[in-house]
Amino acid sequence: ALEKERILLNHVPNDYVRISSGLGETRPVNVVVLPVLFEDEIKAVMELSSLEEFSPTHQAFLDQLTETIGIVLHTIEANTRTEDLLKQSQSLAGELQSRQEELQQTNQELEEKARQLFEQNAEVENKNREVEQARQALEGKAQQLSLTSRYKSEFLANMSHELRTPLNSLLILAEQLSTNPEGNLTPRQVEFAETIRGSGKDLLKLINDILDLSKIESGTVTVDVGEVRFDEMRQNIERTFQHVADGKGVSFQILIDPESPPAIYTDAQRLDQVLKNLLSNAFKFTERGHVTLRVTPAAGGWSADQASLNRAKRVIAISVNDSGIGIPPEKQSTIFEAFQQADGSTSRRFGGTGLGLAISRELARLLGGEIKVDSALAHGSSFTLFLPDAITTARRKIGGVGAEESVPAFLPGNGAEPIAAAEEMLVADDRGNLRGHAALMLVREFPVAAVTLDISLPDMDGWKVLDRLKTDLATRHIPVFIISASDTGAQKALKHGAVAALMKPIDKAAIESVFAKARRMCEAPARKLLVIEDDARQRKAIREVVGNGTAELIDAENASQALGFLQDHEFDCVVLDLMLPDMSGFDLIEQVRAQHPHLPIIVYTAKDLSEEEEEKLNRLAQTIIVKDVRSPERLFDQTALWLHRDLGKLPEDKRALLERLHDPNKILAGKKVLIVDDDIRNIFAMTSLLERYKMDVISAETGKAALELLQNNREIDLVPANTFPSRWTRIDCSSCYATGCTGNVRKWLRLPKKRSIS
């Protein structure tokens, strides 16, 4: 049947199938199996049994019947499938209807959200317009504030100039009168002059305080963060205030809690100014009893809104306690305001402007800290400065700056390691707290054997430090090595008196070379000087002028002999004549300079030099000395400088010669000076001052007039020009030095300092 063929069984086994009814059963005679087909596809199989044999007619009938049954089955199957599809279609239609309803609802929700979004966008646009209008308004106000600040700065600068100019003249003339150099004033008149000078200094302090406060409000102050060691801070404060305490008979103590860290990282100069203000007030208002400065770790006590203190890993409290007059509670909130004091009579009784605490408060904020006060009337006061152990940013900016007068940096302790004979090498670098002024103090306090100097120092130009060291007889013998990040120029360094100039970064070998040379110069019993002179009498004269136990002279009669000595020996300085028998002095200098770029060369010649020759020598040699009556003295002075000869180790006559050569009173005598200033009062005051030192003074009120005078007066030795405005900065200073300025003096300075820059 599966093969689509009819099967007819004639001999049916007895046990295969039986035909039964209600009356009985019997074995069939024939069994036929018929496939039910429709379009040649089997739809079913029929098995029929018969008690008789199937005749051909029966078989034909059955074949036709199967065809009909196939059609019927196919129709039933098709109807069933159609019904199923109908049901499925109806189900899908219902589901589609449901989905359409859901989609319609979703569309409605989206439309509602779109409408809300449109409204929100409109609202945001309105707010943006309002913000833009507010921003434009703020920009306008900021521009107005900036313009106001600029006008204020210009006003303060002009006011500073207008106040300082007459005050400068007043102080200069008052000090001249108080010293009474002519001896023609009575003691009473001298006392009047002292009173005028004292009042002028008080006025100057008031001006400085006002300008400090104005700078604080302008918001242009930055800080330089470095390590501040408490032991060094103690030394600095004791050095400053111990004599004040002794003079008033007040006990003064500095207590550092052992639990405190050895150092904090902050701005040493700003911290020093705050502590000086607090201690000055404490001593001012304490007539008997004690003043105590205490350093302790702090766990609280500052305001809750001090974010920098709240974030700090550790907070340090530096408190200044005194047993003075005290401050009533109702006045404690006002003493930190400008021009405010606890009592109106305080200023009259104790002096002061009432600006110190206002400046200190702003500086404390600059350092990320806060000042708190605890006081009771007649029971003393306690001012506590809370500071983080480290400022989180390297440079902070605030409305505030330090006083016009520079505050000396903290000096390092006595822990320097000796390099030879218990002497010390001073490193004047811009790391930590060391500054140029501090370095100049250290070379006088310690037996310094050598100095390494960075030109770019925070507080003063490194060239000024070098000049100070080399113009002071007490320090000019100390070897100075320039080690700087800036391209200083070796020849410039040598001309200023340095032994060598190295540019950072430098390797270990270069550092070892510097220290080796410093050690050699310290340990050498005598400095070596090579004298290149073809005239035997001149060589003998130079030996008599220069030579003694601390200088070893080696003579060379010609250039060839000199070059041989330079290969075999290490010299500290060379003195040569330009007129040599075998080689031009210029060629010899170039060869020496090529092989020994750091060797100081002094040209000692009687040759009349042209401008071109003099310019060439200035590039190659350190000093040019033309032989005349006073040239031996100058030769000794210059060789003593370049051989780094210690004044204390020279014979008495040589020491007296150097002291006489560097006596400022005699140095200035006969020198011609051109004063350039637009204020006739300053010209009068400076003229009166300089004429005391027997100087020939001429003046000019404009730069153009000064240039004309310089062209017509080649004998002018010095030009103090009023070129620096009140808003003087280190950048301005460096620019002026770069263009050829050799020094600067701030108004007002005492007479000896004015004299010293000449």
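Going by our numbering, the final residue of the sequence shown carries number 765, and the count climbs one at a time with no gaps.
Where a beta carbon is used, it is the ideal one built from N, C-alpha and C, also for glycine.
Per the coordinates, the alpha-carbon of A141 lies some 14 Å from the alpha-carbon of Q150.
Take P269, set aside five residues on each side of it, and the residues of its chain with a beta-carbon closer than 8 Å to its own are R236, F237, D238, in chain order. Rounded to the nearest whole angstrom, the CA to CA distance from A525 to E577 is 14 Å. If you draw a straight line from the Cα of I217 to the Cα of K291, it comes to about 20 Å. In this structure, L69 keeps its C-beta atom at 8 Å or more from the C-beta atom of N37.
K701 is the residue among V197, I687, K701 whose C-alpha sits nearest the C-alpha of K678.
Only residues of its own chain outside the window of five on either side were considered, and among them S315, P395, I398 have a CB closer than 6 Å to the CB of G375, listed in chain order. It is roughly 13 Å from the alpha-carbon of V472 to the alpha-carbon of I485. The criterion of a C-beta distance shorter than 8 Å is not satisfied by L642 and V610.
In this structure, T478 lies away from V450, with their beta-carbon atoms at least 8 Å apart. No residue range can be given for A319, since it is assigned to no alpha helix (DSSP H) and is classified by DSSP as neither H nor E. With the rule of 3 Cβ pairs closer than 8 Å, the segment 287-305 counts as touching the segment 327-334.
Spanning the alpha carbons of S617 and S176 requires a straight line of approximately 43 Å.
By the CB criterion at 8 Å, L262 and I334 fall outside the cutoff.
Take P304, set aside five residues on each side of it, and the residues of its chain with a beta-carbon closer than 6 Å to its own are E266, S267, in chain order. Per DSSP, the unbroken alpha helix (DSSP H) holding K711 starts and ends at 710-719. Closest in alpha carbon position to L210, among G571, L285, L174, is L174. Under the DSSP assignment, N689 falls in the alpha helix (DSSP H) whose first and last residues are 687-698. The secondary-structure analysis by DSSP pairs Q276 with nothing; it has no beta-bridge partner.
Note on the segment 178-238: whole alpha helix (DSSP H) runs with a minimum of 4 residues are 194-225, in chain order.
With fewer than 16 neighbouring CB atoms inside 10 Å of its own CB, I83 falls in the exposed class.
Around the C-beta of E137, fewer than 16 other C-beta atoms lie within 10 Å, and the residue is accordingly described as exposed. As computed with DSSP, I366 is found in no beta bridge at all. Shown here, T341 sits in coil according to DSSP, grouped into three states, outside any helix or strand.
Apart from the 5 residues on each side of it in sequence, R546 sits with its Cβ closer than 7 Å to the Cβ of V538, E540, D562 in its chain, given in chain order. When the beta-carbon positions are compared, V521 and A505 stay at least 8 Å from each other. Pairing I687 with L668, the inter-Cα distance amounts to about 33 Å. Beta-bridge partners of V380 (DSSP): F390. The beta carbon of A533 lies closer than 8 Å to those of G556, T557, A558, E559 in the same chain, with the five residues before and after it left out.
Residue ranges of uninterrupted beta strand (DSSP E) with 3 or more members, entirely inside the segment 27-92 and ordered along the chain, are 37-45, 48-57.
Burial check for V582: the Cβ neighbour count within 10 Å reaches 16 or more, so the residue is buried. Within a 10 Å sphere around the beta-carbon of G233 sit 16 or more other beta-carbons, which makes this residue buried. The alpha-carbon of L124 is positioned some 16 Å away from that of T113.
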